[in-house]
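>
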Amino acid sequence: MRDLSVDSLKGLAIGFVVIGHAVIGLQTKNILGNGWDSVVAFIYSFHMPLFFFCSGFFISTQIEKLSSIGFFQSRFWRLIYPLVLWTYIFLGIKYLAGSFQNTPIEFADLLRLPLPPYAHLWFLWALFITHVVFYALSKAGLTNRSSNIVLFVLTAIMTSLSLWGNILPPLLAQGMGHLVFLLFGCLIYTTPQIRSRLDTGCAVAVSGVVFVALEILYLRLLPYPEIKFLCALTGCLFFFALCLFISRQFGNGSIVTRTMSIIGTASMAIYLMHTIISAAFRESLVHLGNTDPVLHVLGGSLLGLVGPLAVYMMLPRRSLVTRTLGLS
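Quick note on my numbering: the sequence shown kicks off at 111 and runs consecutively.
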């Protein structure tokens, strides 16, 4: 049976992504003021680590099941192909939009290469880097539990101190900076003793209190990368524990679990398309003379989530169109 708690966690993560990008777009448009900076800082302290955390759940199993060629083929079609395709879809739409956007581009921008990644598409490349590195570690016999713990500690030190950028080029630094969260996900998900203790109300409460306390510390007192890193780690634990608890309490057939998991299964489609739809909504309202912050935030976030989800739901899961668009 499919573990819907994992899809639910992806659903939560993509929800935070959509809201964060909607708010930043509105700030750039001067519809929202600096008072929203704390909202952005809060979301950005953990939302992308959540995706890398989820990615670590099944990567060991995927490496075991697939041949080397099969593994890299799957990474290409799942990550690199959408990166390339949506770079030019995104740029093409921005060019056609002209001045009806925050950052207009010129025709010459359409000729840029997909690397370094454009805008939010950095995530696909960074995830590809983490998978390649984990694959190499796996083949070297360095991904058993004891080795995983050592690697987690080492990468945690590097990431928390922001050292990757000092020793690696930008194309590699972002991926390596998130490798720790993939290792963390792999360690947590493949250790039954930990998972069995996370789906309790006590685990949710304790991890939630620690997460909130660290966020307050980060946002109000100590805005340092080390504290932000701890926020990301505890955020991963808290939200995973929450999803496990909800799944256990309400069951896989409940509306709450099903809704969150459906959004999670469509997370790639939402990630690729949400900024286009949210921006279209924002610019349409501005063109009509409406700058109401509440309507912009709620409408932009909701449409950015529901619009791509509707497209994904209308397309057959393994159809030619779905595969061609890189949404499968």
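Note that beta-carbon positions come from the ideal geometry of N, C-alpha and C, so glycine has one too.
#1: Skipping 5 residues on each side, what residues in its chain have a beta carbon closer than 7 Å to that of Arg392?
#2: What number of angstroms, rounded off, separates the C-alpha of Thr369 from the C-alpha of Val116?
#3: Could you tell me which uninterrupted alpha helix (DSSP H) segments, each at least 4 residues in length, are contained entirely in the stretch 236-301, listed from first to last along the chain?
#4: Provide the residue span of the alpha helix (DSSP H) that contains Arg441, from first to last.
#5: Please confirm if the stretch 290-308 is in contact with the stretch 169-187, defined as three or more CB-CB distances below 8 Å between the two stretches.
#6: In this structure, how does DSSP classify Tyr328 when only helix, strand and coil are distinguished?
#7: Measuring straight from C-alpha to C-alpha, what distance separates Arg427 and Leu221?
#8: By DSSP, does Gly143 sit in helix, in strand, or in coil?
#9: Looking at Lys120: is its Cβ nearer than 8 Å to the Cβ of Ser364?
#10: Between the C-alpha atoms of Gly436 and Lys204, what's the straight-line distance to the nearest angstrom?
#11: Whole alpha helix (DSSP H) runs in the stretch 312-372 with 4 or more residues, listed along the chain?
#12: Look at the Cβ atom of Leu419, then the Cβ atom of Ile386, and state whether they are nearer than 8 Å.
#13: Specify the secondary structure class of Gly166 as computed by DSSP and reduced to three states.
#14: Look at the alpha carbon of Phe349 and the alpha carbon of Ile173, and state the distance between them as a whole number of angstroms.
#15: Relative to the C-alpha of Ile124, which residue among Ala246, Phe162, Val314 and Arg358 is closest?
#16: Consider the C-beta atom of Val396 and the heavy atoms of the ligand MN; say whether any pair is separated by less than 7 Å.
#17: Excluding five sequence neighbours on each side, which residues of the same chain lie with their C-beta closer than 7 Å to the C-beta of Leu252?
#18: For Leu189 and Phe238, which I take to be in contact (beta-carbon distance under 8 Å), what is that distance rounded to the nearest angstrom?
#19: When you compare the stretch 144-156 with the stretch 175-187, are there three or more beta-carbon pairs, one atom per stretch, that lie closer than 8 Å?
#20: If you run the structure through DSSP and keep just helix, strand and coil, what is Gln211?
#21: Establish whether the CB of Gly318 and some CB of chain C are separated by less than 8 Å.
#22: Could you tell me whether the Cβ atoms of Ser394 and Leu413 are closer together than 8 Å?
#23: Which residue comes first and which comes last in the alpha helix (DSSP H) that contains Ile124?
#24: So, with DSSP's three-state summary, where would you put Phe156?
With the given structure in hand:
#1: The answer, listed in chain order, is Gly135, Leu136, Lys139, His406 and Gly410.
#2: If I take the Cα positions, the gap works out to 13 Å.
#3: The stretch 236-301 contains these whole alpha helix (DSSP H) runs: 255-270, 274-277 and 280-299.
#4: With the chain covering 111 to 438 only, the question about residue 441 has no answer from this structure.
#5: Counting Cβ pairs under 8 Å, three or more are found: they touch.
#6: DSSP places Tyr328 within a helical segment (H, G or I) once states are collapsed to three.
#7: Approximately 32 Å between the Cα atoms of the pair.
#8: Coil, per DSSP.
#9: Between Lys120 and Ser364, the C-beta spacing is not below 8 Å.
#10: Using only the alpha carbons, I get a separation of about 20 Å.
#11: Listed in chain order, they are 335-360.
#12: No, Cβ-Cβ distance for Leu419 and Ile386 is not below 8 Å.
#13: In the three-state DSSP reduction, Gly166 falls in the coil class, being neither helix nor strand.
#14: Their Cα atoms are separated by approximately 26 Å.
#15: A check of alpha carbon separations from Ile124 across Ala246, Phe162, Val314 and Arg358 identifies Phe162 as the nearest.
#16: With respect to the ligand MN, the structure offers nothing, as it holds no ligand at all.
#17: Here Leu252 has Leu261 as same chain residues with Cβ atoms under 7 Å from its own Cβ, once five neighbours each way along the sequence are excluded.
#18: The Cβ separation is near 4 Å, so the contact holds.
#19: At 8 Å Cβ cutoff, the stretches do not touch.
#20: Correct three-state label for Gln211: coil.
#21: Among the protein chains of the structure shown there is no chain C, as only one such chain exists.
#22: Taking 8 Å as the Cβ cut-off, Ser394 and Leu413 do not qualify as a contacting pair.
#23: Its alpha helix (DSSP H) spans residues Leu114 to Thr138.
#24: In the structure shown, the three-state DSSP call for Phe156 is coil.
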